[in-house]
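Participant: Starting off with a structure, shown below.
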Amino acid sequence: MVRLEEHKTETENKAIEKIPLPSRVYIPLSQHLGKICKPQVKIGDYVFTGQRIGSAQANVYAPVHASISGKITSIQDWPHPVLGRGKSIVIENDGQDKSQIPNPKSQIEIDNLTAEQIRNIVLEAGIVGMGGASFPTHIKLNPPKAVDTLLINGAECEPYLTGDYRLMIEKTEELLRGIELVARCLGIKQVYIAIEDNKPQAIKAFMVSGLAGQRVSGLTRTPVNPQTGTPLKVIVLRSQYPQGGEKQLIKNILNKEVPQGKLPFDIGVVVHNVATVFAVYEAVYLNKPLYERVVTVAGSCISNPKSLLARIGTPIKDLIDFCGPLKEELAKIIIGGPMMGIAQFSDKVPVIKSTTGILLFNKKEAIFNEELPCIRCGACVRECPVFLMPSLISLASQKGLWPQAKIYNASDCIECGLCSYVCPANIRLVQHIKRAKIEVVK
Amino acid sequence: MKNRLIVSVSPHLHKDASVSKIMWMVVVSLIPAGVAGMFIFGVGALWVILLGVVSALITEWIVQLFAKRRVSVLDGSAFLTGLLLAYNLPPRVPFWLPIVGSVFAIAIGKQVFGGLGQNIFNPALAGRVFLMASWPKYMTTFTKPQNFDAITSATPLAALKEGKVLEGISNWNLFLGIRGGCIGEVCIFALLLGALFLFVRGYISWHIPVTYTVVVGLFTYIFGPRGLFSGDWLFHILSGGLILGAFFMATDYVTSPLTRCGQIIFGIGCGLLTAIIRLWGGYPEGVSYAILMMNAATPIIDRYTKSRIYGTR
């Protein structure tokens, strides 16, 4: 693992700003891993903010909701930040932001919620893993095996992104409530909040705040719920990439490894991202489905980089214009972080549930030098967080030797991008390994 | 908006590192040893170095041109090969010897295999061994240090081989390089200075050079001339081309193993072979052959020292 240049100073001290509602939103029916939703509305229908507009009959899915109020104008193919294109529901804003969301629940109601009820609320709210993986959260709240340890992932190890950091500073109490809900739902015995040492204010925020006003200053231990007494510990990690990866986080905090081909729950651990936990809080306490999220807009092209609270479906152009004007000629738009994010071909793509950031790179940053022959320096081998030998997999892949790629465990690659980052020969290791992963499975 | 966005696979950041930067940094780290060689053996040494480097560059250029490969003469790798070859030559060799050596090193040692990164053997050492086999007389005629009349002298190791000990050469002299030997190998102090630079900048790690040196020291100490545990290990470490070989040639990325574990095996192998050749072999000096033999073993070391995948503990 490597400590990367952070590029976080431009946005980390700016409060999250609400961006004005867009005139139109484009809500993709697939914003999660699993079954694609079917529209539950017709063209011409009027929808309220937070109304469910797409759902599916499946185990692994998450419903989608209207993020503004207005008329459905079309259901069509539209640029999608992850899939390239995807069916989306277009809503014309009526400017009212009318909703039928019931009033927040009382504390007694919340204290009496069962695990099953919490899970249902999370499912109905359409919550998915918001760190980028977009796996439906209600499934992670219902593991096939009992778990006892909950890791709250506030590592945010990707450069440029500061949305999670801002959430931890500004919404500490809410996050603690969300953590309590998740812990209750899973029957957790120990909670860890993992924060990298480049986020001092977030660490401080968690150290001094307890639940519901009970302040426990200067302590790392404070019960997540006064009744159940589940201990919560803030873990300060040395900043390094890709520490925010589920399996890397587990190794660095618990010194355990998730066995090859298994998932964290197999060793009794569940990891949730802070943004996801915040969404759980909002869904349970405020009855609010997941229709907005924090997105960091940064990069050398933008003149006012900051973290924004944007409605799902807002075209990224609106966010770029809001933080604009552009200082330089735009050469690359990345959705997500610079290490694992996806370069976009259009600024029409909307913000979706897993959009952590929008990065605007100039020509100089976007250019990637010519690929040279591997000199076997071994940097990729030393830095690989899953201990692969990327240079050898890449070599096998370039020559089409798929059995060889399999021997070198190509499918264990997490595509964190670190090997390509450190390679002095500019070899597109991740690209070659991704190719091998597909071929190996065949 | 004009749609001119660049679309590429992640990651979208890249470390400020490049092959040519690495190569030139190694060249820089070798400067002290070359300067010391010039002080010790006179300007003649400079000519050998220049001939070695220039002919390496020209050979690289010609071969790449003819093979229709991307011409990368200035990436520092050919420069480094020429430099290392010259450092491995005696100071007073005929002018054509470094030229022939460099041509062989680049054309046969490197480009025949496909160029940078593809060669099995360290090109500079391949060149040296070729010269050694073809013109052993020139390759083993050494001059006395700081004596510009070209009085020949044996190297301390060669003298030892014949059962003699060179008078008046202390370990301190060996450390500073006041002895007969090849241009770049004599001044241990200058070499260690360069190696320290490479360590600090992270271009080499301790795994190969330290195990290599320690094994040679240990082995020569155990199997001493007057029975077990009587060897002059410091003499063996300081003389010959061990330090140059261990820190600058055995650490060549292309021809050494990928994993740390493999590198330690590689270092131990180099050390054992060097010591065995020195103590019981026909040559006084064993570094070149030891490294070349371990170069040949690198693929198999790599195969058996694969890293342990996450989650397979």
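Chains A and B are the protein sequences, given in the same order. In terms of our numbering, the first sequence is residues 1 to 442. In terms of our numbering, the second sequence is residues 1001 to 1313. Glycine residues also receive a C-beta, built at the ideal position from the N, C-alpha and C atoms.
So which residues on chain B does Glu257 of chain A lean against when the C-beta distance must stay under 9 angstroms?
Facilitator: Your numbering for residue 257 of chain A matches position 257 in the first sequence. Residues of chain B passing the Cβ test: Tyr1310, Gly1311, Thr1312, Arg1313.
Participant: From what residue to what residue does the alpha helix (DSSP H) around Glu415 of chain A run?
Facilitator: Here residue 415 of chain A corresponds to residue number 415 of the first sequence, with the count starting at 1. That residue, Glu415 of chain A, is in no alpha helix (DSSP H); it is neither H nor E in DSSP.
Participant: Is Asn273 of chain A helix, strand or coil when you go by DSSP?
Facilitator: The sequence position of residue 273 of chain A within the first sequence is 273, counting from 1. Asn273 of chain A: strand per DSSP, three-state reduction.
Participant: Leaving out five residues before and five after His80 of chain A in sequence, what residues of the same chain have Cβ atoms less than 6 angstroms from its Cβ?
Facilitator: Start at 1 with the first residue of the first sequence, and residue 80 of chain A comes out as number 80. Around His80 of chain A: Pro28, Gly86.
Participant: When you compare the CB of Cys419 of chain A with every CB in chain B, is at least one pair closer than 7 angstroms?
Facilitator: Translated into the one-based positions of the first sequence, residue 419 of chain A becomes position 419. No, no contact with chain B.
Participant: From the DSSP output, read off the bridge partner residues of Lys38 of chain A.
Facilitator: Stepping through the first sequence from its first residue, residue 38 of chain A is reached at position 38. Note: Lys38 of chain A sits in a beta bridge opposite A:Ser55.
Participant: Could you check the C-alpha separation between Ile46 of chain A and Ile19 of chain A for me, to the nearest Å?
Facilitator: Indexing the first sequence from 1 puts residue 46 of chain A at position 46. Indexing the first sequence from 1 puts residue 19 of chain A at position 19. As written in the sequence, residue 46 of chain A is Tyr, which differs from the Ile given in the question. Taking the straight line from one Cα to the other gives about 23 angstroms.
Participant: Helix or strand or just coil, what does DSSP make of Ile320 of chain A?
Facilitator: Start at 1 with the first residue of the first sequence, and residue 320 of chain A comes out as number 320. Ile320 of chain A falls in the helix class under three-state DSSP.
Participant: Please report whether the beta-carbon of Gly154 of chain A lies at a distance below 7 angstroms from any beta-carbon of chain B.
Facilitator: Here the question's residue 154 of chain A lines up with position 154 in the first sequence. Answer no: the Cβ-Cβ gap between Gly154 of chain A and chain B never drops below 7 angstroms.
Participant: Quick check on DSSP: helix, strand or coil for Trp1135 of chain B?
Facilitator: Translated into positions along the second sequence, residue 1135 of chain B becomes position 135. The answer is coil: DSSP assigns Trp1135 of chain B none of H, G, I, E or B.
Participant: Over the uninterrupted beta strand (DSSP E) stretch that includes Lys332 of chain A, give me the two end residues.
Facilitator: One-based indexing of the first sequence puts residue 332 of chain A at position 332. Element bounds for Lys332 of chain A: 330-335.
Participant: Against chain A, does Gly1076 of chain B count as a neighbour if the rule is that its beta carbon must be under 7 angstroms from one of theirs?
Facilitator: Position 76 of the second sequence, counting from 1, holds the residue named residue 1076 of chain B. Judged by the 7 angstroms Cβ criterion, Gly1076 of chain B is not in contact with chain A.
Participant: For a contact meaning CB atoms closer than 9 angstroms, what does Lys1110 of chain B contact in chain A?
Facilitator: Counting from 1 along the second sequence, the entry for residue 1110 of chain B is found at position 110. The contacting residues do not exist; Lys1110 of chain B stays about 11 angstroms from chain A at best.
Participant: Would you kindly report the start and end of the unbroken alpha helix (DSSP H) that includes Glu246 of chain A?
Facilitator: Within the first sequence, residue 246 of chain A is the residue found at index 246, counting from 1. Residues 246-254.
Participant: For Val274 of chain A, which residues of its own chain have a beta-carbon under 7 angstroms away from its beta-carbon, when the five flanking residues on both sides are left out?
Facilitator: Position 274 of the first sequence holds residue 274 of chain A. Result list for Val274 of chain A: Ile152, Asn153, Gly154, Asp164, Leu167, Met168, Leu175, in chain order.
Participant: I need the boundaries of the beta strand (DSSP E) containing Asn13 of chain A, first residue and last residue.
Facilitator: By 1-based counting over the first sequence, the position of residue 13 of chain A is 13. Asn13 of chain A -> no beta strand (DSSP E), and no H or E assigned at all.
Participant: Go to Gly84 of chain A, then tell me how far its beta strand (DSSP E) extends in each direction, as first and last residue.
Facilitator: As a working note, residue 84 of chain A is residue 84 in the first sequence. Segment 84-93, the beta strand (DSSP E) holding Gly84 of chain A.
Participant: Among A:Asn112, A:Ser69, A:Lys317, which has the Cα closest to the Cα of Ile443 of chain A?
Facilitator: A query on residue 443 of chain A cannot be resolved here, the shown segment of chain A reaching from 1 to 442 and no further.
Participant: Does the Cβ-Cβ distance between Ser1102 of chain B and Leu1125 of chain B come in under 7 angstroms?
Facilitator: Working through the second sequence from its first residue, we reach residue 1102 of chain B at position 102. Working through the second sequence from its first residue, we reach residue 1125 of chain B at position 125. Taking 7 angstroms as the Cβ cut-off, Ser1102 of chain B and Leu1125 of chain B do not qualify as a contacting pair.
Participant: What is the DSSP secondary structure of Asn426 of chain A, reduced to helix, strand or coil?
Facilitator: Taking the first residue of the first sequence as 1, we reach residue 426 of chain A at position 426. Asn426 of chain A falls in the coil class under three-state DSSP.
Participant: Could you list which residues in chain B have their beta carbon closer than 9 angstroms to that of Pro159 of chain A, in chain order?
Facilitator: Along the first sequence, one-based indexing puts residue 159 of chain A at 159. Ordered by position in chain B, the residues that pass the 9 angstroms Cβ test against Pro159 of chain A are Leu1013.
Participant: Return no unless some Cβ of chain A is closer than 7 angstroms to the Cβ of Gly1117 of chain B.
Facilitator: If you number the second sequence from 1, residue 1117 of chain B lands on position 117. True, the Cβ-Cβ gap to chain A drops below 7 angstroms.
Participant: Cβ of Gly1240 of chain B within 7 angstroms of Cβ of Leu1157 of chain B?
Facilitator: For the purposes of this step, residue 1240 of chain B is identified with residue 240 of the second sequence, where counting begins at 1. For the purposes of this step, residue 1157 of chain B is identified with residue 157 of the second sequence, where counting begins at 1. Yes, the pair counts as a contact, with Cβ atoms nearer than the cut-off.
Participant: Cβ closer than 8 angstroms: which chain B residues qualify as neighbours of Arg166 of chain A?
Facilitator: The residue labelled residue 166 of chain A in the question sits at position 166 within the first sequence. Within 8 angstroms Cβ-Cβ: nothing; Arg166 of chain A doesn't reach chain B, min ~22 angstroms.
Participant: Within the same chain, show all residues whose beta-carbon is closer than 7 angstroms to that of Ile1022 of chain B, passing over the 5 residues directly before and after it, in chain order.
Facilitator: Taking the first residue of the second sequence as 1, we reach residue 1022 of chain B at position 22. Counting only Cβ-Cβ distances below 7 angstroms, and skipping sequence neighbours, we find Tyr1203.
Participant: Below 9 angstroms on C-beta distance, what does Ile1022 of chain B contact in chain A?
Facilitator: Along the second sequence, one-based indexing puts residue 1022 of chain B at 22. Those within 9 angstroms of Ile1022 of chain B in chain A are Ile375, Cys377, Pro424.
Participant: Please tell me whether Val1009 of chain B has its Cβ less than 7 angstroms away from any Cβ of chain A.
Facilitator: Reading the second sequence from its first residue, position 9 is the one you call residue 1009 of chain B. Closer than 7 angstroms to some Cβ of chain A, the Cβ of Val1009 of chain B qualifies, so yes.
Participant: DSSP three-state call for Val280 of chain A: helix, strand or coil?
Facilitator: Counted from its first residue, the first sequence places residue 280 of chain A at position 280. It is helical.
Participant: Closer than 8 angstroms is the cut-off here; do at least three beta carbon pairs connect the stretch 1046-1053 of chain B with the stretch 1192-1211 of chain B?
Facilitator: Touching, no, given that fewer than three Cβ pairs across the two stretches are closer than 8 angstroms.
Participant: When Cβ atoms are compared, which residues of the stretch 1078-1093 of chain B fall closer than 9 angstroms to chain A?
Facilitator: For the stretch 1078-1093 of chain B, which is checked against every Cβ of chain A, not one residue is closer than 9 angstroms.
Participant: Name, in chain order, the residues that DSSP records as bridge partners for Leu360 of chain A.
Facilitator: Taking the first residue of the first sequence as position 1, residue 360 of chain A is located at position 360. Per DSSP, A:Ile333.
Participant: Check Gly218 of chain A in the structure and name its three-state DSSP category.
Facilitator: Counting from 1 along the first sequence, the entry for residue 218 of chain A is found at position 218. For Gly218 of chain A, the predicted model reports a pLDDT of 36, less than 50, meaning its position is unreliable and no value from the coordinates is stated.
Participant: Grouping DSSP H, G and I as helix and E and B as strand, with all else coil, what is Val1063 of chain B?
Facilitator: Translated into the one-based positions of the second sequence, residue 1063 of chain B becomes position 63. It is helical.
Participant: Answer yes or no: do Met339 of chain A and Glu158 of chain A have a C-beta to C-beta separation smaller than 7 angstroms?
Facilitator: On the first sequence, position 339 is the one that residue 339 of chain A refers to. On the first sequence, position 158 is the one that residue 158 of chain A refers to. It is a contact, given that the beta carbons lie within the stated cut-off.
Participant: Looking only at C-alpha atoms, which of B:Tyr1304, B:Val1254, B:Gly1286, B:Leu1258 sits nearest to Val1120 of chain B?
Facilitator: The residue given as residue 1120 of chain B occupies position 120 in the second sequence. It should be noted that the sequence gives Ile, not Val, for residue 1120 of chain B. Considering only alpha carbons, the answer is B:Val1254.
Participant: Counting Cβ pairs, one atom from each stretch, are 3 or more of them under 8 angstroms apart for the stretch 311-331 of chain A and the stretch 349-357 of chain A?
Facilitator: With the cut-off at 8 angstroms, the stretch 311-331 of chain A and the stretch 349-357 of chain A touch.
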